[in-house]
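Protein chains in written order, with this note's numbering: chain Y, 1 to 316; chain V, 1001 to 1316; chain A, 2001 to 2283; chain S, 3001 to 3283.
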Amino acid sequence: MSVELDFSTSFGNAWFPLPVFTASGCASSGRELSQFFPLNEIGGVVTKSIMIKPRLGRPTPRMAETPSGMLNSIGLQGPGIDAFLANDIPWLVSTGARVIVSIAGETVEEYAVLARKLRSVTGLSAVEVNISCPNVENRGQVFACHPESARAVIEGVRRTLGGDLPIIAKLSPDVTDIAAIAREVVDAGADGLALINTLLGMVINTSTMRPHLGGKTGGLSGPAIRPVAVRAIYQVHEALPHIPILGMGGVRNGSDAFEMVLAGASGISVGTASFSDPLATVRIQRELAQLLVEKGFTSLRQAIGFAHRDDEVNGE
Amino acid sequence: MSVELDFSTSFGNAWFPLPVFTASGCASSGRELSQFFPLNEIGGVVTKSIMIKPRLGRPTPRMAETPSGMLNSIGLQGPGIDAFLANDIPWLVSTGARVIVSIAGETVEEYAVLARKLRSVTGLSAVEVNISCPNVENRGQVFACHPESARAVIEGVRRTLGGDLPIIAKLSPDVTDIAAIAREVVDAGADGLALINTLLGMVINTSTMRPHLGGKTGGLSGPAIRPVAVRAIYQVHEALPHIPILGMGGVRNGSDAFEMVLAGASGISVGTASFSDPLATVRIQRELAQLLVEKGFTSLRQAIGFAHRDDEVNGE
Amino acid sequence: MVALIMGQINRHAEQVTATVLSNKRVGQYHQILLNVGEVVKHCKPGNFVAINVGGPSSAMVLRRAFAISRISDRGEYGGTMELIVAPHGSGSKWLISQPEGAHIDLVAPLGTPFGIPTNPVRALLIGGGYGSAPLFGLAELLKSRGCRVDMILGASAAAKIYAPLEGKRSVSSLKIYTEDGSTGIMGRVTDPLEQLIADGEVDVIYSCGPMGMLAAISTIAKRNEIVHQCAVEESMACGIGICMTCVLPIKGGDGNITMVRSCIDGPVMDGELVLWDQVGQPQ
Amino acid sequence: MVALIMGQINRHAEQVTATVLSNKRVGQYHQILLNVGEVVKHCKPGNFVAINVGGPSSAMVLRRAFAISRISDRGEYGGTMELIVAPHGSGSKWLISQPEGAHIDLVAPLGTPFGIPTNPVRALLIGGGYGSAPLFGLAELLKSRGCRVDMILGASAAAKIYAPLEGKRSVSSLKIYTEDGSTGIMGRVTDPLEQLIADGEVDVIYSCGPMGMLAAISTIAKRNEIVHQCAVEESMACGIGICMTCVLPIKGGDGNITMVRSCIDGPVMDGELVLWDQVGQPQ
Ligand SMILES: Cc1cc2nc3c(=O)[nH]c(=O)nc-3n(C[C@H](O)[C@H](O)[C@H](O)COP(=O)(O)OP(=O)(O)OC[C@H]3O[C@@H](n4cnc5c(N)ncnc54)[C@H](O)[C@@H]3O)c2cc1C
Ligand SMILES: Cc1cc2nc3c(=O)[nH]c(=O)nc-3n(C[C@H](O)[C@H](O)[C@H](O)COP(=O)(O)OP(=O)(O)OC[C@H]3O[C@@H](n4cnc5c(N)ncnc54)[C@H](O)[C@@H]3O)c2cc1C
Ligand SMILES: Cc1cc2nc3c(=O)[nH]c(=O)nc-3n(C[C@H](O)[C@H](O)[C@H](O)COP(=O)(O)O)c2cc1C
Ligand SMILES: Cc1cc2nc3c(=O)[nH]c(=O)nc-3n(C[C@H](O)[C@H](O)[C@H](O)COP(=O)(O)O)c2cc1C
Ligand code: FES
Ligand code: FES
C-alpha cells in the first residue's frame, strides 16, 4: 500500500501490529495453516479451546453443512493443557506468531486451574476464555448464558492469572441480552470480548430420521450467522464503547470484516472461512486494509465503531 | 397419491385438513398469493400481524439480503384491526381459506383489546399471538424475551377471547431458554406454539458506513436460520411433547418441512420462500406429502416428533 | 392515467421459465433477450419482471427486479422480452453471465404500466442510466398513438448511457447529458427541463432512473403543473406485494401519509403524489 | 508402511486453480480430467483433493473431498489429474455439471498415500463403488514395483461399478460382485476373501469404499493376520486438519482410544488400528 495505514490494534495491554486472527477451533494450533502462510503475517493465532484433561470429544458425524453455514459438534476434543503447553505452544511461539490461548472448563474451578497453568508460559499475548461451555455444576447450562456464572468464571480467571495477561471473554449469542452478559464479564475483569461464538442449531437427517450429528445439537457458524454477529457487536459496542471486541461469525472477505469494524470490532477472527480457503485469514486482512485506505481512514482505530457516529446526535 | 395419507393436523380444537400455512407477514392478507394458487389448497393463511391502530411502519430500506437469508424491518405496517376486519377478513373467509389471524401489541392491554375484537368474527380458525414485539411499558424489551411478560400477554388474550378460538403463541428464538418461555405461555393458556420468529440481526452498509436498514436492526429469516429453528422445535417438543408446534424458519422444500415435523412440528409455515417462489407453500405441502408416503407414514401425526423416538430408550 | 393506489397485484402475473436467446454487452450493460412465451401478451411498458438468481444452491434467496425493456410477440421464437441489465452485485452479475440456452425462472408481468394518454400529446421521456430501458418500448407505443416523443437521457458517463440505434428511431429528438461530459452535453437531464416546459414543448413527462433524478424532475413538473409519471426503484424482497419492504410514502386522499407498495402500486407512479423528501425517513 | 499417526498435513498441499479438460459420464459416475499443473508431481495413490463447489454466490461453504483417481505429468497439458465423481448432493452435482474450460479451485494433494511395499508382494485391491477410483493408479504403481495385483470390485448394481478398460490392464485378475447380480457375481466383495487368503494368494490388502465394507474387510484381515491398508471416508469440513470433524477412533500405542483426523492421518489407515465398532459411538 502506498498510503500509510496504522493497522495495529490492542486488547487490554496486548498490542498487535495486525488485526485479523484465526478463530478458536478453526485453526487447531496453527501448524497446518503455517503451510499456507507464515503465521506471523496475521494478527495472531487463537488456539482451539483447551481443557485440563485430554478429551476425545463427541461421536461422528461431527458436522453438517447448512445453507451458507455449518454445524459442528466437536465436543472440545484435545490433548489437555499439559500436553498442549509442552508440544503446541513452544512450536507456535517459535514461529513468531502472536498467540492467544483459548481455555474451556466444566466448572469455575477448572477455568482457574487452566489460568494458573498459563501464568508462567512465555510468549502468550492474551487468554481467550470460552465460556460457551456446559457448566456441569448447574444442569449443564452454558456459563455464558447466565450473568452470574459468566462473571464467576472471569473473576476466577482474573484472580488466578494475575494482572498481566489480557483476558478476552468469548460470549454466546444464544442469550436474551448479550450486552448484560458483556457488562458482567467486563466488570469481573475481562479486558476484551470475543463476539460471537456459534449459535445452537440442529439438523435432522431425513434418511435416518434422527438428529444428524452424533452430539445431536451443534454450533452454527459461517456467513449465515453474520447478521447476528454484527448486531451483537453493534449492541455491545454501544453499551461498552471502550471495551475492545474481537469480532467473528461468518467473515469471508474484507468487506465482511469491515462491517464488523464499523459495528465496533477492534479485531476480527476468521473461522469457517478457513475451511474453504486456507488463506482466508491473510486474504481478509489484506482486503480489510485496502478497504480502510479506500475509505480514507489512516488507522484502523478511526473506523472502529464508525457506524455509531450518528448515535450521539440523533439520540435514538 | 395412490397411498392413503392422513395429512390433517390440529392446533387446540382447530382441525386443519392440510398442514402447511403461510407465515405471518409473508403473505400479507392472502390476496396476492391467491393469484398463484387457491388459498383453500393449503393448511391456511396466517395474516400479517395486525395492531390496533393503522401504522406506517419503519423507514426504507426495509430489507437486506444476507447469505441464504434476509433481514426485514417492516415495523408492523398495517391498516389497524378495524379496517383489517372490515376489508381483509371477509374476503379471505369468502375464498374458503382457513384463517389464522396474527395480532401484535405494544402493551398487555393492547393484545387483550385485539382479542376482544376477534371474538365475534366468524370464519377464523385460530389466533396467532406475535409476542416478539417491543413492550413499550418495559424499556421496549420484547414480550417474548421474558417469561413474565410473555405469560401476561397470553393470559390477557385467553381471558378476553373466551374458550373457543385456539391461541398459538409465537416465540422469539432470541432467548436464553426457549423451552422455559414455552412452558410459561402454555401454562397461561396457549393451545399451540409458533416457532420461530426471526432472529435479531444487522447489516452495515459499507458505502454509507451506517446500519443499512432504516430501522437499524432487522429480523433474520430464510434458510440461514433453519438449523436454529429445528433446534428450537426439537427442544420445545422435548419439553412439551403434547403441545402442537407450528414450525417455521427457512423452510424451502418438502425435505426442510419434513425435518421440522420429525423434530416435533404439527404444521409448517412458509415465509421467505414465498418471496422467491410464489407457489412455495403449495409446492412444499405437496413435497412433504410425497416424502411422508415414501417413508411409509400413513399419517402426518405418526411423523410428528419421530426424531425423538430414541430419547426414552437412551436417556440423554 | 392509471389509477395509482389499487393495492392489487398485476392480474396477469405468473411464474414462467424463460430461455436466454441472446446476451450481448452494450456499453456497461448487457442486453438480454429472453423467450418467455405467451406471457408477453400482457406485458406493457413500465412493467417489470422478478428473476431468481444464482441457480439451485445459491445463497441469494430473493428475486431481482428488472424493467421490461422491449417485447415482441411475433418472430420465430414466439413471445420475447428484452432486459437491460447493469452489473451491480452478485445477482445481476450472475444474470449477465447466463449463456444462450440457459433457463431463467421469472415472474412477469409485475407492477403498473405507464399510463398512455387517449389523445396525442407531446411526451417527454427522461431516462437515467439503465432507466432508459423501458422508455424505448414506451416511445414506440406513444408514437403509434400519434404522440410526439422527445427523449433526454443522462448518466454519469458515456458508457452508462443506454440508447440503442433501433430505439432512437421511435423518438423525434434525443438529447444526451453526462456528468463528466464524455458524451453529449455535460450536465444533468434536469438542466433543460424548465426551458422546454416554458417553450410549451411538454404535455406529459415520463421518467425512469435513480430516485434522486425522479425527485428532481417531480419538483420541476409540480411547479409547472405538468403530469409526471415516473417508474421508481425501491429495494424489493418479493415483487408481488406480500412482504411490504418496497414501500414509498404517498400523499393519501385525506392528506395523511400512506405507505404504498411500489411493486404493485408502482413502479409507475404519479410523481406528484410521492413524498420524495420523506422517502427513507422515520415517520 | 507409512507412519500412521503423524498428525501432520501433507507437506505438499497447496491451493491451485485447475481447468476442466474433459468431463464424461461413465456408468453412474463422471470422469473428470483436470489440468492441475506442477502439483501433480506430489500426488500419490490414496491422496485426495478438496474442491470448492457452487461458484461465488454459493450457499455451500465447505469443500468436497474426492480421491485422486489417476495422474499424469506428461502429455500436452502438463500435469493432469482424473477424478471419478458420483452425483450425490448439490456439491457433487455442481461438479459434474462443470463444462470443459471451467476453473476449479482445489487443494491438493491431501492426506496419506497408500504405503508401497519395498519387496514385490501379492496385493489384493478391493474397491466398493467409486472407491475403485484410486485403486487403478495404485495398481499401476504396484505393478511397476513387481507386485502381482488382483482386484475385486463390488457395488449394489452394475452401473455403480467403476472399472475403465485402461485400468484393467494393470491388474492380473479382476472379479466383480454386485448385490443384485446385474453384472459379475451376485454377492459382496468379502465373500471370496477368506478363501483367497487361505489359498495363500494375498500378502497385503488395499481397500477403498464404504465404511461398512472396510470394517468387514478389516475383521477378516485381522483374523488372518494380513496387512490391510484402507482409505476411509468420513465427513470432512476442511480437509486440512484444522476443524476436527473427520475423526476416527484408533487404538493408541498405550491401548487407549485416540481420535485421529482422517484428513491428515488418513484417508489411508491401517485397518487393524481403526476401532470400527466405535466409529460414530459416544466415547
Ligand atoms: C422495479 C425495478 C426495476 C429495475 N430495473 C432494472 C433494470 O432494468 N436494469 C437493471 O440493471 N437494474 C434494474 N433494477 C435494479 C436491480 O433490481 C438491481 O440492480 C439488482 O437487484 C441488484 O441485484 P444484485 O444481486 O446485483 O446486487 P446486490 O447489491 O448484491 O443485491 C442485494 C439485494 O439488494 C437489492 N438491490 C440492490 N440494488 C438495488 C436496486 N438498485 N434496486 C432495487 N433493489 C436493489 C437486490 O434486489 C438484492 O435483494 C430495477 C429495480 C427495480 C426495483
Ligand atoms: C477422502 C474422501 C475421498 C472421497 N472420494 C470420492 C470420490 O473419489 N468420488 C466421489 O464421488 N466421492 C468421493 N468422496 C465423497 C464425496 O466427498 C461426497 O460424495 C461429497 O462430499 C458429497 O457432497 P455433496 O454436496 O454432493 O453432498 P451433500 O450430501 O449435499 O453434502 C453435504 C455435506 O456432507 C458431506 N458429505 C456428504 N457425503 C459425504 C461422504 N460420503 N463422505 C464425506 N463427506 C460427505 C459433504 O462434503 C458436505 O460437506 C470422498 C470423500 C472423502 C472424505
Ligand atoms: C469446527 C469448529 C470448532 C470450533 N471450536 C471452538 C472452540 O474450541 N472454542 C471456541 O471458543 N470457539 C470454537 N468455535 C467457534 C469459532 O471460534 C467462532 O466463534 C464461530 O465459528 C463463528 O465464526 P465463523 O463463522 O467465522 O466460523 C468453533 C467453530 C467451528 C466451526
Ligand atoms: C418481511 C417479513 C415480515 C414479517 N412479518 C411478521 C409479522 O408481522 N408477524 C410475525 O409474527 N412474524 C413476521 N415475520 C416472521 C415470519 O412469520 C417467520 O416467523 C420468519 O420469517 C421465519 O420464517 P421464514 O424463514 O420461512 O421466513 C416476518 C418475516 C418477514 C421476512
Ligand atoms: S416487494 Fe414485497 S411488497 Fe413490494
Ligand atoms: S476435515 Fe477438518 S480436520 Fe479433518
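No residue lacks a Cβ here, since even glycine has one placed at the ideal position from N, Cα and C. The structure displayed is predicted, hence computed values, not measured ones.
Q. Can you give the beta carbon distance from residue 213(Y) to residue 198(Y), rounded, assuming they're within the 8 Å contact cut?
A. Reading the first sequence from its first residue, position 213 is the one you call residue 213(Y). Reading the first sequence from its first residue, position 198 is the one you call residue 198(Y). The pair is not a contact, with the Cβ atoms about 12 Å apart (cut-off 8 Å).
Q | Burial state of residue 3044(S) (16 or more Cβ within 10 Å) | A | Position 44 of the fourth sequence, counted from the start, is the residue given in the question as residue 3044(S). Buried.
Q.
Below 8 Å, how does it come out for the region 62-77 of chain Y and the region 8-15 of chain Y: are there three or more Cβ pairs, yes or no?
A. no
Q) To which residues does DSSP link residue 2015(A) through a beta bridge? A) Numbered from its first residue, the third sequence carries residue 2015(A) at position 15. Bridge partners of residue 2015(A): 2107(A).
Q | Distance, residue 194(Y) Cα to residue 1255(V) Cα | A | As a first step, residue 1255(V) must be located in the second sequence, where it is residue number 255. As a first step, residue 194(Y) must be located in the first sequence, where it is residue number 194. The alpha-carbon atoms of residue 1255(V) and residue 194(Y) are separated by roughly 35 Å.
Q | Rounded Cβ spacing between residue 1242(V) and residue 1264(V) (contact assumed at less than 8 Å) | A | Taking the second sequence and counting its residues from 1, one reaches residue 1242(V) at position 242. Taking the second sequence and counting its residues from 1, one reaches residue 1264(V) at position 264. With a Cβ gap of about 11 Å, residue 1242(V) and residue 1264(V) do not count as contacting.
Q | Exposure label - residue 2263(A); buried when at least 16 CB within 10 Å | A | Here the question's residue 2263(A) lines up with position 263 in the third sequence. So residue 2263(A) ends up on the buried side.
Q) Counting contacts by CB-CB distance shorter than 8 Å, is residue 1290(V) in contact with chain A? A) For the purposes of this step, residue 1290(V) is taken as the residue at position 290 of the second sequence. No, its Cβ sits nowhere closer than 8 Å to a Cβ of chain A.
Q.
Since residue 2134(A) and residue 2230(A) should fall inside the 8 Å C-beta cutoff, what is the C-beta to C-beta distance between them, to a whole number of angstroms?
A. Taking the first residue of the third sequence as 1, we reach residue 2134(A) at position 134. Taking the first residue of the third sequence as 1, we reach residue 2230(A) at position 230. Rounded, the Cβ-Cβ distance is 11 Å, inconsistent with contact.
Q | Residue(s) in a DSSP beta bridge with residue 2240(A) | A | Taking the third sequence and counting its residues from 1, the one referred to as residue 2240(A) is at position 240. DSSP output for residue 2240(A) lists no bridge partner at all.
Q) Does DSSP put residue 76(Y) in a helix, in a strand, or in coil? A) Counting from 1 along the first sequence, the entry for residue 76(Y) is found at position 76. Note: residue 76(Y) maps to coil in three-state DSSP.
Q.
For residue 2130(A), report the span of its alpha helix (DSSP H) as first-last.
A. In the third sequence, counting from the first residue as 1, residue 2130(A) sits at position 130. Segment: none, residue 2130(A) is in no alpha helix (DSSP H) and carries neither H nor E.
Q) Pick from 1059(V), 1157(V), 1165(V): whose alpha carbon is nearest that of residue 1099(V)? A) Within the second sequence, residue 1099(V) is the residue found at index 99, counting from 1. Nearest C-alpha to residue 1099(V): 1165(V).
(Q) If distances are taken between C-alpha atoms only, which option among 1149(V), 1291(V), 1021(V) comes closest to residue 1268(V)? (A) The residue given as residue 1268(V) occupies position 268 in the second sequence. Out of 1149(V), 1291(V), 1021(V), 1021(V) has the C-alpha closest to the C-alpha of residue 1268(V).
Q: Would you check if the region 1271-1279 of chain V and the region 2059-2069 of chain A touch, i.e. whether three or more CB-CB distances between them fall below 8 Å?
A: yes
Q: Classify residue 3121(S) as helix, strand or coil using the three-state DSSP reduction.
A: Within the fourth sequence, numbered from 1, the residue matching residue 3121(S) stands at position 121. Three-state DSSP puts residue 3121(S) in coil, outside helix and strand.
Q | Cβ-based burial, residue 315(Y) [other Cβ within 10 Å; buried from 16] | A | By one-based count along the first sequence, residue 315(Y) stands at place 315. Low confidence applies to residue 315(Y): its pLDDT is 41, below 50, so where it sits in the model is not reliable, and the reading given next is rough at best. Residue 315(Y) should be labelled exposed.
**Q.** Amino acids of chain A, ordered along the chain, whose beta-carbon sits closer than 7 Å to that of residue 3054(S)
**A.** One-based indexing of the fourth sequence puts residue 3054(S) at position 54. Simply 2057.
Q: Return the chain-ordered list of same chain residues with a C-beta closer than 6 Å to the C-beta of residue 3002(S), the five sequence neighbours on each side being excluded.
A: Position 2 of the fourth sequence, counted from the first residue, corresponds to residue 3002(S). Only weak support is given to the placement of residue 3002(S): the predicted model assigns it a pLDDT of 36, under 50, and the value that follows is read from those uncertain coordinates. Answer for residue 3002(S): 3112, 3115, listed in chain order.
Q: Report the rounded CA-to-CA distance for residue 128(Y) versus residue 3088(S), giving the unit in angstroms.
A: On the first sequence, residue 128(Y) is found 128 positions in, with the first residue counted as 1. On the fourth sequence, residue 3088(S) is found 88 positions in, with the first residue counted as 1. C-alpha separation (whole angstroms): 40 Å.
Q: Give, in chain order, every residue of the region 3069-3102 of chain S whose Cβ lies closer than 7 Å to some Cβ of chain A.
A: 3090, 3094
Q: Indicate whether residue 3332(S) and residue 32(Y) have their beta-carbon atoms separated by less than 8 Å.
A: Coverage of chain S is limited to positions 3001 through 3283, which leaves residue 3332(S) absent and any answer about it impossible.
Q | residue 1233(V) - containing beta strand (DSSP E), residue span | A | As a working mapping, residue 1233(V) is identified with position 233 in the second sequence. Taken as a continuous stretch (DSSP letters only), residue 1233(V) belongs to no beta strand (DSSP E), being part of the alpha helix (DSSP H) at 1226-1239.
Q: Along the beta strand (DSSP E) that carries residue 3270(S), what are the first and last residues, could you check?
A: What you label residue 3270(S) is simply residue 270 of the fourth sequence in a count that begins at 1. From DSSP, the beta strand (DSSP E) with residue 3270(S) extends over 3268-3270.
Q: Please report how far the alpha carbon of residue 2161(A) lies from the alpha carbon of residue 3039(S), in whole angstroms.
A: By one-based count along the third sequence, residue 2161(A) stands at place 161. By one-based count along the fourth sequence, residue 3039(S) stands at place 39. Residue 2161(A) and residue 3039(S): Cα-Cα distance of roughly 47 Å.
**Q.** For residue 3091(S) and residue 206(Y), the rounded distance between their alpha carbons
**A.** Counted from its first residue, the first sequence places residue 206(Y) at position 206. Counted from its first residue, the fourth sequence places residue 3091(S) at position 91. Roughly 18 Å between the two C-alpha positions.
Q: Determine the chain A residues that contact residue 3060(S) at a beta-carbon separation under 9 Å, and present them in chain order.
A: Position 60 of the fourth sequence, counted from the start, is the residue given in the question as residue 3060(S). Near residue 3060(S) (Cβ distances below 9 Å), the residues of chain A are 2057, 2059.
Q: Quick one: list the residues of chain Y neighbouring residue 3247(S), beta-carbon separation under 8 Å, in chain order.
A: The residue given as residue 3247(S) occupies position 247 in the fourth sequence. Going along chain Y in sequence order, the residues near residue 3247(S) (Cβ under 8 Å) are 57, 60, 62, 77.
(Q) According to DSSP, residue 41(Y) sits in a beta bridge with which residue or residues? (A) Mapped onto the first sequence, residue 41(Y) falls at position 41. Partner(s): none; residue 41(Y) has no beta bridge.
Q. Can the beta-carbon of residue 3054(S) be found less than 8 Å from the beta-carbon of residue 2057(A)?
A. Walking along the fourth sequence from the start, residue 3054(S) turns up at place 54. Walking along the third sequence from the start, residue 2057(A) turns up at place 57. The answer is yes: Cβ separation under 8 Å.
Q: May I ask you to report which of helix, strand or coil DSSP gives residue 53(Y)?
A: Here residue 53(Y) refers to the residue found at position 53 when the first sequence is read from its first residue. In this structure, residue 53(Y) counts as coil in the three-state DSSP scheme.
Q) Who's in the neighbourhood of ligand 5, going by beta-carbon under 6 Å from any heavy atom, listed in chain order? A) 2236(A), 2237(A), 2238(A), 2239(A), 2241(A), 2242(A), 2243(A), 2244(A), 2245(A), 2246(A), 2261(A), 2263(A)
Q) What is the rounded straight-line gap between the Cα of residue 1152(V) and the Cα of residue 1225(V)? A) The sequence position of residue 1152(V) within the second sequence is 152, counting from 1. The sequence position of residue 1225(V) within the second sequence is 225, counting from 1. One C-alpha to the other measures close to 28 Å.
Q) Would residue 3103(S) be called buried (16 or more neighbouring beta carbons within 10 Å of its own) or exposed? A) Residue mapping note: residue 3103(S) aligns to position 103 of the fourth sequence, counting from 1. It is exposed - the Cβ of residue 3103(S) has fewer than 16 other Cβ atoms within 10 Å.
Q) Which residues does DSSP pair with residue 1015(V) in a beta bridge? A) Your numbering for residue 1015(V) matches position 15 in the second sequence. According to DSSP, residue 1015(V) bridges with 1010(V).
Q. Residues of chain S with CB under 7 Å from residue 166(Y), in chain order?
A. Indexing the first sequence from 1 puts residue 166(Y) at position 166. Correct list: empty, because the minimum Cβ distance to chain S is about 25 Å.
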